[in-house]
Amino acid sequence: MDKALEILKKYYGYNSFRGKQGEIISEILNGNDVLTIMPTGGGKSICYQVPAVILNGITLVISPLISLMKDQVDSINNIGIESAYINSSLNNVEINEILRKIRNGDIKILYVAPERLESNEFLTMITQMEISQIAIDEAHCVSQWGHDFRVSYRRISKFISLLTKRPIVTAFTATATEEVRRDIVDRLELKNPKIFIAGFDRENLKIIVEKGVIRKNYLLDYIEKNKDESGIIYCATRKEVDNLHSFLLQKGIAVEKYHAGLSDEERKVAQEDFIYDKSKLIIATNAFGMGIDKPNIRYVIHYNMPKNIEGYYQEIGRAGRDGENSECIMLFSPSDVQTQRYIIDAGTNDPIRKENELSKLQTMINFVYNQECYRKFILKYFGEEVEENCNNCSNCELQGELVDKTEDAQKVISCAYRMGQKYGIGMIVDVLRGSTNKKVIEFGLDKLSTYNIMKNYTKDKLAEFINILISYGYLNYRGEYPVVTLNNKSMEIVKGQRQVFIKQVNVKQAVAKNNELFNILRVIRMEIASEEKIPPYIIFGDNTLRELSTRMPINEEQFLDISGVGKAKLEKYGEVFMDAIKKYIDEKQIKVSFIFNTVTRESKEIKVKSDAKEKSYVTTVNMLRDSMSFEDVAKERGITIQTIFSHIEHYIADNNDLGFDIDFSEFFTEEEEKVVDKAISEVGANALKPIKEIVPESITYNVIKAVILKRFVINNSNI
Ligand code: ADP
Numbered sequence: 244m245d246k247a248l249e250i251l252k253k254y255y256g257y258n259s260f261r262g263k264q265g266e267i268i269s270e271i272l273n274g275n276d277v278l279t280i281m282p283t284g285g286g287k288s289i290c291y292q293v294p295a296v297i298l299n300g301i302t303l304v305i306s307p308l309i310s311l312m313k314d315q316v317d318s319i320n321n322i323g324i325e326s327a328y329i330n331s332s333l334n335n336v337e338i339n340e341i342l343r344k345i346r347n348g349d350i351k352i353l354y355v356a357p358e359r360l361e362s363n364e365f366l367t368m369i370t371q372m373e374i375s376q377i378a379i380d381e382a383h384c385v386s387q388w389g390h391d392f393r394v395s396y397r398r399i400s401k402f403i404s405l406l407t408k409r410p411i412v413t414a415f416t417a418t419a420t421e422e423v424r425r426d427i428v429d430r431l432e433l434k435n436p437k438i439f440i441a442g443f444d445r446e447n448l449k450i451i452v453e454k455g456v457i458r459k460n461y462l463l464d465y466i467e468k469n470k471d472e473s474g475i476i477y478c479a480t481r482k483e484v485d486n487l488h489s490f491l492l493q494k495g496i497a498v499e500k501y502h503a504g505l506s507d508e509e510r511k512v513a514q515e516d517f518i519y520d521k522s523k524l525i526i527a528t529n530a531f532g533m534g535i536d537k538p539n540i541r542y543v544i545h546y547n548m549p550k551n552i553e554g555y556y557q558e559i560g561r562a563g564r565d566g567e568n569s570e571c572i573m574l575f576s577p578s579d580v581q582t583q584r585y586i587i588d589a590g591t592n593d594p595i596r597k598e599n600e601l602s603k604l605q606t607m608i609n610f611v612y613n614q615e616c617y618r619k620f621i622l623k624y625f626g627e628e629v630e631e632n633c634n635n636c637s638n639c640e641l642q643g644e645l646v647d648k649t650e651d652a653q654k655v656i657s658c659a660y661r662m663g664q665k666y667g668i669g670m671i672v673d674v675l676r677g678s679t680n681k682k683v684i685e686f687g688l689d690k691l692s693t694y695n696i697m698k699n700y701t702k703d704k705l706a707e708f709i710n711i712l713i714s715y716g717y718l719n720y721r722g723e724y725p726v727v728t729l730n731n732k733s734m735e736i737v738k739g740q741r742q743v744f745i746k747q748v749n750v751k752q753a754v755a756k757n758n759e760l761f762n763i764l765r766v767i768r769m770e771i772a773s774e775e776k777i778p779p780y781i782i783f784g785d786n787t788l789r790e791l792s793t794r795m796p797i798n799e800e801q802f803l804d805i806s807g808v809g810k811a812k813l814e815k816y817g818e819v820f821m822d823a824i825k826k827y828i829d830e831k832q833i834k835v836s837f838i839f840n841t842v843t844r845e846s847k848e849i850k851v852k853s854d855a856k857e858k859s860y861v862t863t864v865n866m867l868r869d870s871m872s873f874e875d876v877a878k879e880r881g882i883t884i885q886t887i888f889s890h891i892e893h894y895i896a897d898n899n900d901l902g903f904d905i906d907f908s909e910f911f912t913e914e915e916e917k918v919v920d921k922a923i924s925e926v927g928a929n930a931l932k933p934i935k936e937i938v939p940e941s942i943t944y945n946v947i948k949a950v951i952l953k954r955f956v957i958n959n960s961n962i
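Just remember that the working numbering sits 243 ahead of the position in the sequence shown, which is counted from 1.
1. Counting only runs of 3+ residues fully inside the region 524-548, write out the beta strand (DSSP E) ranges in chain order.
2. Is it right to say VAL808 is buried, meaning 16 or more other beta carbons lie within 10 angstroms of its own, or is it exposed?
3. If we count Cβ pairs, one from each stretch, closer than 8 angstroms, do we get three or more for the region 697-704 versus the region 736-745?
4. Indicate, with yes or no, if the ligand ADP has a heavy atom lying under 7 angstroms from the CB of TYR257.
5. By how many angstroms is the C-alpha of ILE895 removed from the C-alpha of VAL876?
6. From the DSSP output, read off the bridge partner residues of THR863.
7. Can you grab the Cα-Cα spacing for the pair THR412 / ILE305, in whole Å?
8. Suppose contacts are defined by Cβ-Cβ distances below 8 angstroms. Is ILE319 in contact with GLN292 by that definition?
9. Would you please verify whether the beta carbon of ILE438 is less than 8 angstroms from any beta carbon of chain D?
10. Identify which residue in PHE910, PHE907, ILE438 and SER473 has its Cα closest to the Cα of GLU567.
11. Do MET662 and VAL674 come within 8 angstroms of each other at the CB atom, strictly closer than that value?
12. So what's GLU640 in DSSP terms, helix, strand or just coil?
13. Checking 8 angstroms against the spacing of the C-beta atoms, do LEU574 and ARG425 come in under that value?
14. Can you give me the Cβ contacts of THR370 inside the same chain, cut-off strictly under 8 angstroms, excluding the 5 residues immediately before and after it?
15. When the distance is taken between beta carbons, is ARG561 closer than 8 angstroms to ILE535?
16. Around the Cβ of ARG965, are there at least 16 other Cβ atoms within 10 angstroms (buried) or fewer (exposed)?
17. Under 6 angstroms from any heavy atom of the ligand ADP, by CB: list those residues in chain order, please.
18. Measure the alpha-carbon distance for VAL748 versus ASN330 and round it to whole angstroms.
19. Have a look at VAL336, LYS351 and ARG346 and flag the residue whose alpha-carbon is nearest the alpha-carbon of GLY327.
20. Check whether the region 544-560 touches the region 479-499, counting contact only when three or more Cβ pairs, one atom from each stretch, lie closer than 8 angstroms.
21. How far does the alpha helix (DSSP H) with LEU601 in it reach, from first residue to last?
22. My assumption, with CB atoms under 8 angstroms, is that ARG409 sits in contact with ARG430. Please give the rounded CB distance.
23. Roughly how many angstroms lie between the CA atoms of ARG359 and MET368, to the nearest whole one?
24. Since LYS623 contacts CYS633 with CB under 8 angstroms, what's their CB separation in whole angstroms?
25. Starting from the Cα of GLN376, find the closest Cα among ILE745, ILE345 and LEU303 and give me that residue.
26. Would you identify the three-state DSSP class for VAL737, choosing helix, strand or coil?
27. Please state whether the Cβ-Cβ distance between PHE439 and THR279 is less than 8 angstroms.
28. Compute the Euclidean distance between the alpha carbons of ARG844 and TYR257, then round it to the nearest angstrom.
29. I'd like to confirm the pairing. Which residues does DSSP put opposite LYS453 in its beta bridges?
30. State the start and end residues of the unbroken alpha helix (DSSP H) segment that holds ASP426.
31. Which residues in the same chain have their Cβ closer than 7 angstroms to the Cβ of PHE955, if we skip the five residues on either side of it in sequence?
32. GLN752 by DSSP, collapsed to three states: which one?
33. In angstroms, rounded to a whole number, what distance separates the CA positions of ASN730 and VAL580?
34. Return the residue from the list GLU325, SER332 and GLY285 that minimises the CA-CA distance to LEU308.
35. If you count every other CB in all the chains shown that lies within 10 Å of the CB of VAL766, and 16 or more means buried, which is it?
36. Could you check the C-alpha separation between ASN680 and ASN695 for me, to the nearest Å?
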C-alpha cells in the first residue's frame with residue numbers, strides 16, 4: 244500500500260485515497276476480484292489504474308464507448324503512465340505499433356471495446372501477453388435489468404475463460420440496484436468478489452426540481468447567469484434537442500447539440516468542442532455522456548423529466564466530478580410524463596421489459612412530486628437509508644417566498660370547468676386573458692363569465708401558473724392530447740376548503756465565483772490545451788486551478804504541494820503557470836512569501852479550531868446576535884437556514900438565553916402561521932410529517948419548522 248500511495252502522489256498529485264479507494268486497491272493487489280459500485284465522479288479509475296502500474300503485466304480495460312477512449316488514454320499518458328487503446332479508429336500500422344510497445348513492456352494499460360474481444364486476431368495476440376488485470380468499466384451493461392444493456396458485454400466471461408492464466412477481474416459501475424449487482428457477478432463470472440458499495444451520495448450536487456416554470460425563460464436566465472461555466476442540457480427527444488438548439492442559437496447563445504440522429508462526425512465534433520471547452524454548453528439526449536470524464540461541468544439541466552432514477556442520477560452525476568459545488572436542475576412539466584410513456588411504448592415490445600420500464604417511470608414521477616428531501620429519496624432508491632435531510636436540495640431549502648394564490652386558482656379552475664373541461668392550457672389562458680383569437684370567438688368562449696378576468700397576468704406567467712396548479716395536483720392534465728380537467732382538490736379549492744400557496748420563483752445565482760487570477764490561469768490552460776490538442780481539464784482540473792489561484796505557488800516545492808499536481812505536470816506546466824502567477828503578484832504588488840505562508844498558516848489555524856470542536860451551534864447563534872442576517876450566516880458558515888433553526892433550538896435547549904429577538908416574518912406570513920398553528924393543535928409538534936400531511940401542499944417543511952421554532956422560542960423565554 245505504501246507503493247500505491249507513492250504512485251498516487253507521484254502521478255496524480257493526490258495525497259490520500261478518497262473513500263474506499265484504498266481498500267479496493269489493497270484487495271486487487273492481494274489478487275482478488277472486486278465489484279465496485281461508486282457514483283460517477285467518485286474516483287473509480289484510480290482504483291484500477293494504480294494497481295495497473297504496480298502489477299506485472301498489462302491491465303486490459305474494457306470500456307463501451309470507442310469515442311471516449313482517446314481522451315481517457317490522453318489523460319493517463321499526460322500524467323506519465325504509459326497507456327494506449329485499440330479500436331476501429333486505428334489502422335493496421337498504428338495497431339502494430341501498439342502491439343510492439345506492449346511486447347516491449349512499454350504499455351501498462353490498454354483500453355479496448357468489448358467487441359474487440361471477439362476478434363480472433365486480437366485473441367491470438369493478447370493470449371501471448373501477460374495480463375495482470377481485466378478491468379470492466381460500466382459493468383452494468385452486462386445486465387438486462389440495467390438501463391444500458393449491451394450484448395457484447397455478455398461475451399466477456401467467455402473471453403476470460405480462453406486465457407491461459409486467469410487475471411484478476413475487476414468490475415466498476417456507477418449505478419446498480421440489487422438485481423443488477425447479482426447479475427454482474429453472475430454474468431461476468433467474478434470469483435468470490437469483494438463487493439464495495441461506496442456511498443452514493445454526492446454532497447456537492449445541489450438537486451433542484453422546478454415545477455411549472457416557463458422553461459425557455461428559465462433557461463435563458465440561467466445560462467446568462469452562468470455563462471462562464473460548462474453545462475449540459477438533457478432533453479427527452481431528438482426533436483426537442485433540435486428545437487431548443489435552434490432557439491438558443493437564435494438568442495445568440497453558443498451551443499452544441501448531440502443525439503443519435505446526427506452523423507458520427509457531427510457528434511464527434513460536438514463532443515470534442517464541449518470537452519475541449521470550445522463551447523460551454525451542449526444540448527443532448529441521453530445518448531450523450533456515458534464515460535464523459537470532463538470534471539468541470541458546473542450544471543446539468545434536465546429540460547424534461549427523464550424516464551428513470553438510474554438514468555437521472557447517472558446524468559446529473561456528470562456534474563461536479565471535481566468535487567466543486569454544482570447544480571442539477573430538472574425543469575419538470577406534466578407533459579413529460581406523456582412523452583416518456585410514449586418513448587417506452589415505442590421502444591420495446593417485450594411486455595416484461597415494458598412493465599419494468601413503466602414501473603421505473605412511476606418511481607421517477609413519485610420522485611418529482613415527493614415533498615421530502617430529494618437526495619434522501621434517491622439514496623433510498625439505491626438502498627442507502629439516511630436519517631438527516633440534505634439541506635441542499637430544492638425541497639429542503641426554501642427558495643423564494645410563498646404567496647397565497649387561492650383566489651387566482653379559483654378563477655382558473657372555474658374557467659376550465661365552464662369551458663367544459665375539454666381544452667388545453669393555451670386556450671384557457673386565452674379565455675382568462677380576454678383574447679379575441681378566432682377559436683375563442685367561434686366557440687363562444689368570450690361569453691363566459693370567466694372571460695377576461697386575469698389580464699393582470701402576462702400570457703407566459705398565466706401558463707406558468709396553470710402548470711404549477713397541475714404539478715401540485717390541483718388540476719388534472721392527461722390524455723394523448725392533454726386537456727385540463729378538475730379533480731377533488733380543484734373542488735375543495737373552489738369551495739374555499741383548501742388554500743393555495745405558490746412559491747415565487749427566484750432566478751438562481753451563478754454557481755461558482757471565480758477570482759481574477761483563476762480566470763487568467765484558465766486562459767493559459769486553454770492555450771496549452773489548444774496547442775497540445777487535449778481537453779483543458781487534462782492539464783489541470785478547476786479545483787487545482789482554484790487552489791493555484793488562491794495559494795499562488797511560485798517555486799517547485801510550493802507548486803507540488805497543490806492537489807492535482809504530480810511530477811509530470813510540474814515538469815510540463817509548472818513554469819508557465821508560475822510565470823503567470825509571478826506576473827500577477829508583481830502587478831498587484833502582493834508580497835509573495837507572505838501570501839503563501841499566510842494561507843498555509845491560516846488553514847492550519849482553522850484546523851486547530853475544528854480540532855478543539857467549538858460548539859457549532861454556539862458560533863451560529865453568536866453571529867446572529869452580532870446582527871448578521873440569517874442569509875449571511877448561512878453563506879458564511881456554508882449551512883442552510885434549516886440548520887440555523889436547529890442550531891437555535893439546540894442553543895436554547897442547552898439552557899441558554901438567546902438575548903435577542905428573531906424576526907420570523909421573513910420565513911412565513913401570518914396566514915401560513917395560522918394554518919400551521921391550527922395543524923399543530925390537531926396533531927402536536929413532535930413530528931413534522933403529520934403536520935405536513937394536513938396543511939396545504941404548498942407549505943414547506945421549512946415553514947413548519949420555523950413556526951415550531953417560534954413557539955419554542957416564545958415558550959422558553961416565558962419561563
Ligand atoms: P469516476 O470514474 O468514478 O466517475 P473519476 O475516476 O473520473 O471518477 O474521478 C473523478 C475525479 O476525482 C477526477 O478528476 C479524479 O482525478 C478525482 N479523484 C479521484 N481520486 C481522487 C483522490 N484520491 N484525491 C483527489 N481527487 C481524486
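Built from N, CA and C at the ideal position, the CB exists for glycine as well.
Per the coordinate set shown:
1. 524-527 and 540-545
2. buried
3. no
4. yes
5. 18 angstroms
6. Note: THR863 sits in no beta bridge, so no partner.
7. The question names Thr, but residue 412 is Val in the sequence shown. Approximately 11 angstroms between the Cα atoms of the pair.
8. yes
9. This model lacks chain D altogether, as it is built from one protein chain only.
10. SER473
11. yes
12. coil
13. no
14. LEU405, LEU406 and THR407
15. yes
16. Outside the shown range of the chain, which is 244 to 962, sits residue 965, and nothing can be said about it.
17. TYR257, PHE260, ARG261, GLN264, MET281, THR283, GLY284, GLY285, GLY286, LYS287, SER288, ILE289, ASP536, PRO538, ARG564, ASP565 and GLY784
18. Here VAL748 scores only 49 on pLDDT, less than 50, and its place in the model should not be relied on; the value that follows carries that caveat. Approximately 49 angstroms between the Cα atoms of the pair.
19. It should be noted that the sequence gives Ala, not Gly, for residue 327. Answer by Cα proximity: LYS351.
20. yes
21. 594-612
22. With a Cβ gap of about 16 angstroms, ARG409 and ARG430 do not count as contacting.
23. 12 angstroms
24. Actually they do not touch by this definition, with Cβ atoms about 12 angstroms apart.
25. LEU303
26. helix
27. yes
28. Note that ARG844 has pLDDT 29, beneath the 50 cutoff, so the model's placement of it is unreliable and no number is given.
29. Strictly speaking, residue 453 in this sequence is Glu, with Lys absent from that position. BP columns for GLU453 point to LEU574.
30. 421-430
31. GLU892 and ILE895
32. Any answer about GLN752 is weak, because its pLDDT of 45 lies below 50 and its placement is not dependable; what the coordinates show is given next. DSSP places GLN752 in coil when its eight states are reduced to three.
33. 18 angstroms
34. SER332
35. exposed
36. 13 angstroms
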